[in-house]
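In order, the protein sequences belong to chains A and B. Its first residue numbered 1, the first sequence is counted upward by one per residue in the numbering used here. Its first residue numbered 161, the second sequence is counted upward by one per residue in the numbering used here. Here the structure comes first, spelled out in structure tokens, and everything after it is commentary.
2 protein chains.
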Amino acid sequence: MPDSSESIELNIRDEFSASSARAAVVSVVRAYGIVQRLMATYFAQFDLTPPQFQLLTIVNRLRKPTQRQLARELYVSFPNVTVMLDRIEKAGLILRFPNVEDKREKLVELSERGRSLLKKIWKVHQEQLDLVMVGLTETEQKQLTRLLHKMIAAHTNTTE
Amino acid sequence: MPDSSESIELNIRDEFSASSARAAVVSVVRAYGIVQRLMATYFAQFDLTPPQFQLLTIVNRLRKPTQRQLARELYVSFPNVTVMLDRIEKAGLILRFPNVEDKREKLVELSERGRSLLKKIWKVHQEQLDLVMVGLTETEQKQLTRLLHKMIAAHTNTTE
DNA sequence: GCACATTAGTTAATGTATTAACTAATTGAC
DNA sequence: GTCAATTAGTTAATACATTAACTAATGTGC
């Protein structure tokens, strides 16, 4: 049963008190957690998860996309799209049918049920988004968006 | 094969162009995605995932915490801690032993291997954090942290 | 001191996400 | 025209995360 006083060494740097980068990264992660929790609770009312909702909105916007297109738009792996579509197809929210011009591809579309569910959610969705940002004024929200866009741009330029 | 022009209705609000809250939420989610990707790639070198690294740092800081304490500190469910500990215990990075004063509890501790791995990572971890925020000046990083803290505070006040 | 509630941890079921390894359809070199 | 390479999608293995349902230990009322 080792009673180590050895972790002191690490604890010195444990706080990273000098680093503004660390503080920023940690707050991004925390903020995301809050967004996730709020949205998950909200979407559960409709028997949806936040990623499923996101998927539905993109299927709607793209109009019969291939699964490949969906993955790119969602910034998610291709197999993940397959599995997510399997589920919401089983729930009757989307339809998949092969593209006659290229039989490798499958085109995805909202079902009548998916379309009406999306309409229903949309009516109250904006209020939820406002609720997430309730602590900030509109000016601050715009400032936050600007800063995060700048941070994001530094990576998307080099990656894509 | 329904060729619907029905989604137009939704597409009107699809952009949410008027909402600064939506833009802010979306950018938080995108920024988190970038943090996740970078960190996952980085930690993979050490055969760790970001949550596993986070777990190790907290075990180190708390000094023989119970699993309950870990869950609270990680903002994660209790069963999740069990499963994550199972894995990193199997990898030989932590030890679990029952608390003699309350045999329901298990105390968690870094193994020698876990401690030395953590030390190794720590040496270069700060650089990774700086890399995430490379697009922002230090002033902007602090501004970002301040805004996110304010946003977070609006929720933690009511929730905790 | 015994029954009941509480607390700590685990197990099971489900959903999200990844990479690696596969099948099937298309394209392209020759 | 046929064989190889590419592309679209699926399946398998693994990890993270949740809630619900369980076991085991502790504490409390009486």
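Backbone N, C-alpha and C define an ideal beta-carbon position, used for all residues, glycine too. What you are looking at is a predicted structure, and each value in this text was computed from that prediction instead of being measured.
Under the three-state reduction of DSSP output, Pro-210 of chain B falls in the helix class. For Met-151 of chain A, the residues of chain B that pass the 7 Å Cβ criterion are Ala-191, Met-293, Gly-295 and Leu-296, in the order they occur in the chain.
Beta-bridge analysis with DSSP links Thr-66 of chain A to A:Leu-107.
Within 10 angstroms of the beta-carbon of Thr-41 of chain A lie fewer than 16 other beta-carbons, which makes it exposed. For Lys-106 of chain A, the closest Cβ of chain B is not nearer than 8 Å.
Here Phe-213 of chain B is buried. Its C-beta has 16 or more other C-beta atoms within 10 Å. The alpha-carbon of Arg-113 of chain A is positioned some 14 Å away from that of Arg-87 of chain A. Taking the Cα positions, Leu-95 of chain A is about 5 Å away from Glu-109 of chain A. Between the segment 45-65 of chain A and the segment 21-34 of chain A there are fewer than three C-beta pairs closer than 8 Å, too few to call the two in contact. Leu-117 of chain A: member of the alpha helix (DSSP H) spanning 112-132, first to last residue. If you ignore the 5 residues before and after Val-59 of chain A, its C-beta comes within less than 8 Å of the C-beta of Pro-65, Leu-70, Ile-94, Val-108, Glu-109, Leu-110 and Gly-114, all in its own chain and listed in chain order. Here DSSP, grouped into helix, strand and coil, assigns Leu-136 of chain A to coil.
Interface criterion not met: the Cβ of Thr-242 of chain B is under 8 Å from no Cβ in chain A.
Under the three-state reduction of DSSP output, Leu-93 of chain A falls in the coil class, being neither helix nor strand.
Nearest neighbour of Lys-279 of chain B by Cα position, chosen from B:Phe-257, B:Ser-179 and B:Phe-206, turns out to be B:Phe-206. The beta-bridge partner set that DSSP reports for Pro-258 of chain B consists of B:Lys-266. In this structure, DSSP gives Gln-205 of chain B a state outside helix and strand, which the three-state scheme calls coil. Contact note: Ser-19 of chain A reaches chain B through Gln-286 and Leu-289, using a C-beta cutoff of 7 Å and chain order.
Taking 8 Å as the threshold, the shortest C-beta distance from Ile-34 of chain A to chain B falls below it.
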